[in-house]
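Presented below is the structure to which this report refers.
Residue numbers (full-length UniProt numbering): 1 to 429.
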């Protein structure tokens, strides 16, 4: 049982705490109806710092800090917090600020899943017309499941590692239409780092420790959470499968199963399917499916695997620049709000050519993107012909090839294809 004295100290500590932030470019709105704002994202993506950013913005709007309260439920002083303890917290809070009893206060509950029956407390607050913001991610309960627990009483927002635009802002570079020679050179240097090491906030804020930070995220956060949560016993199969996802351009459950068997790892096909689902649930792996109405073709073509941050690829030893470039573009589309397999797909043409990304809007295709590190004599015909064929089959003339640093307009067979350097494309979406 948590004493009221401890709760009082935690409240006072929060009121004296001032956090320095790199502000995130994330749109959100705190519901004014009886719904909680649920912050969803992979571990270490910055959900806690987004909470403090929201608090900071509330204070700018005239909300008194005493009308907000932040509780980290993984604070060692309040381990094993119960539902009754949370009700005691409420008593202590109102006893310190009785003028807030009838007002709209803002409750920020971080790692809420550590409390059994937490959803009852959240609903209680909502029924009292309080504003509630929660987050959570652990082997006990994933953040997206928190939204499920509050179905009908929550509004989810997604948080990912930093986008390239956010990285520039964190380095004091204003996103503008024109740049000096020096600014462009600095942008390209930061882009190279982003391509190779991703955008996890801790990596951006302490780049010298990037490898150690990313290794910890892989070892302790991903594997520990999945192993503990799902009681995984074939740990070697899980590790090899994760690296397989990082290094593969295409995969299917059957192919992954055969690959594991081929290197002597004894594992069932159903287990492989389960492990893929666990990795998706952890919000660090995405299986992008082809745009087709045929379920058989979808299974035949398989999925294109992507990880939520290039830093995960780096720590797994992936150095292929084409692979890194394609993964980076996928995660930027993710951060721009596109939902994989709803409005983002890859596409296989009738003559078996492939384009990397098809962006849908309702029932029509609005953009087709091809990704290659550079256009050259070797790959020109393959990349361009695939785009032209896809354009005709999908009825879309908004065609792009994204490269590292080339810029051009290709006109072929009545079609116009814009070749765009990566840094310009990143700052345009």
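We treat Cβ as the ideally placed atom computed from N, Cα and C, and that holds for glycine.
Terminal residues of the alpha helix (DSSP H) in which residue i lies
{"i": "residue 228", "result": "224-230"}
{"i": "residue 116", "result": "Run containing residue 116: none; DSSP gives neither H nor E here."}
{"i": "residue 36", "result": "Per DSSP, residue 36 belongs to no alpha helix (DSSP H); it is in the beta strand (DSSP E), 36-40."}
{"i": "residue 94", "result": "83-96"}
{"i": "residue 6", "result": "4-16"}
{"i": "residue 43", "result": "Unbroken run through residue 43: none, as it is neither H nor E."}
{"i": "residue 220", "result": "Neither: residue 220 is in no alpha helix (DSSP H) and is coded neither H nor E."}
Reference residue i, options the options, closest by Cα
{"i": "residue 439", "options": "237, 43, 309, 66", "result": "The question about residue 439 has no answer here: the residues shown for the chain are numbered 1 through 429."}
{"i": "residue 84", "options": "124, 106, 47, 70", "result": "124"}
{"i": "residue 26", "options": "307, 46, 108, 389", "result": "46"}
{"i": "residue 290", "options": "390, 88, 71", "result": "390"}
{"i": "residue 269", "options": "288, 284, 241, 283", "result": "241"}
{"i": "residue 95", "options": "113, 7, 180, 110", "result": "7"}
{"i": "residue 230", "options": "212, 207, 197, 277", "result": "277"}
{"i": "residue 151", "options": "251, 199, 38, 197", "result": "38"}
{"i": "residue 15", "options": "67, 307, 114, 331", "result": "67"}
{"i": "residue 198", "options": "250, 330, 82", "result": "330"}
{"i": "residue 24", "options": "51, 10, 297", "result": "51"}
{"i": "residue 364", "options": "393, 372, 376", "result": "393"}
{"i": "residue 10", "options": "89, 408, 267", "result": "89"}
{"i": "residue 414", "options": "188, 424, 112, 398", "result": "398"}
{"i": "residue 200", "options": "179, 265, 315", "result": "315"}
{"i": "residue 207", "options": "130, 167, 366", "result": "167"}
{"i": "residue 366", "options": "348, 338, 386", "result": "338"}
{"i": "residue 350", "options": "318, 301, 158, 417", "result": "301"}
{"i": "residue 348", "options": "99, 250, 158, 36", "result": "250"}
Residue i versus residue j: straight-line alpha-carbon distance, rounded
{"i": "residue 190", "j": "residue 102", "result": "49 Å"}
{"i": "residue 139", "j": "residue 132", "result": "Reliability fails at residue 139, whose pLDDT of 46 lies under 50, so the model's placement of it is uncertain and the value that follows must be treated cautiously. Answer to the nearest angstrom: the Cα atoms are 23 Å apart."}
{"i": "residue 48", "j": "residue 344", "result": "28 Å"}
{"i": "residue 369", "j": "residue 359", "result": "8 Å"}
{"i": "residue 205", "j": "residue 64", "result": "29 Å"}
{"i": "residue 194", "j": "residue 4", "result": "46 Å"}
{"i": "residue 61", "j": "residue 146", "result": "28 Å"}
{"i": "residue 247", "j": "residue 1", "result": "48 Å"}
{"i": "residue 115", "j": "residue 310", "result": "33 Å"}
{"i": "residue 44", "j": "residue 303", "result": "26 Å"}
{"i": "residue 400", "j": "residue 227", "result": "41 Å"}
{"i": "residue 156", "j": "residue 40", "result": "7 Å"}
{"i": "residue 371", "j": "residue 326", "result": "6 Å"}
{"i": "residue 97", "j": "residue 405", "result": "58 Å"}
{"i": "residue 215", "j": "residue 275", "result": "20 Å"}
{"i": "residue 221", "j": "residue 127", "result": "35 Å"}
{"i": "residue 419", "j": "residue 74", "result": "48 Å"}
{"i": "residue 410", "j": "residue 402", "result": "12 Å"}
{"i": "residue 356", "j": "residue 395", "result": "17 Å"}
{"i": "residue 299", "j": "residue 211", "result": "36 Å"}
{"i": "residue 426", "j": "residue 187", "result": "11 Å"}
{"i": "residue 318", "j": "residue 341", "result": "25 Å"}
{"i": "residue 181", "j": "residue 113", "result": "49 Å"}
For residue i, three-class secondary structure by DSSP
{"i": "residue 370", "result": "strand"}
{"i": "residue 411", "result": "strand"}
{"i": "residue 402", "result": "strand"}
{"i": "residue 416", "result": "strand"}
{"i": "residue 375", "result": "coil"}
{"i": "residue 421", "result": "strand"}
{"i": "residue 48", "result": "helix"}
{"i": "residue 125", "result": "helix"}
{"i": "residue 30", "result": "coil"}
{"i": "residue 382", "result": "helix"}
{"i": "residue 102", "result": "coil"}
{"i": "residue 61", "result": "coil"}
{"i": "residue 450", "result": "Because the chain here runs from 1 to 429, residue 450 falls outside it and cannot be looked at."}
{"i": "residue 77", "result": "helix"}
{"i": "residue 428", "result": "coil"}
Where the beta strand (DSSP E) through residue i begins and ends
{"i": "residue 110", "result": "106-110"}
{"i": "residue 70", "result": "68-72"}
Near the ligand FMN: residue i beta-carbon under 7 Å from a heavy atom
{"i": "residue 372", "result": "Absent from the structure shown: the ligand FMN. Ligands present: none."}
**Report entry** Runs of beta strand (DSSP E) wholly within the region 129-208 (minimum 3 residues, chain order)
**Finding:** 131-135, 154-158
Query raised in the report: In chain order, which continuous runs of the alpha helix (DSSP H) of length 4 or greater are located wholly inside the UniProt domain "DUF4143" (224-364)?
Result: Every unbroken stretch of the alpha helix (DSSP H) spanning 4 or more residues and falling wholly within the UniProt domain "DUF4143" (224-364) is given here in chain order: 224-230, 235-247, 253-262, 269-281, 295-301, 310-315, 321-335.
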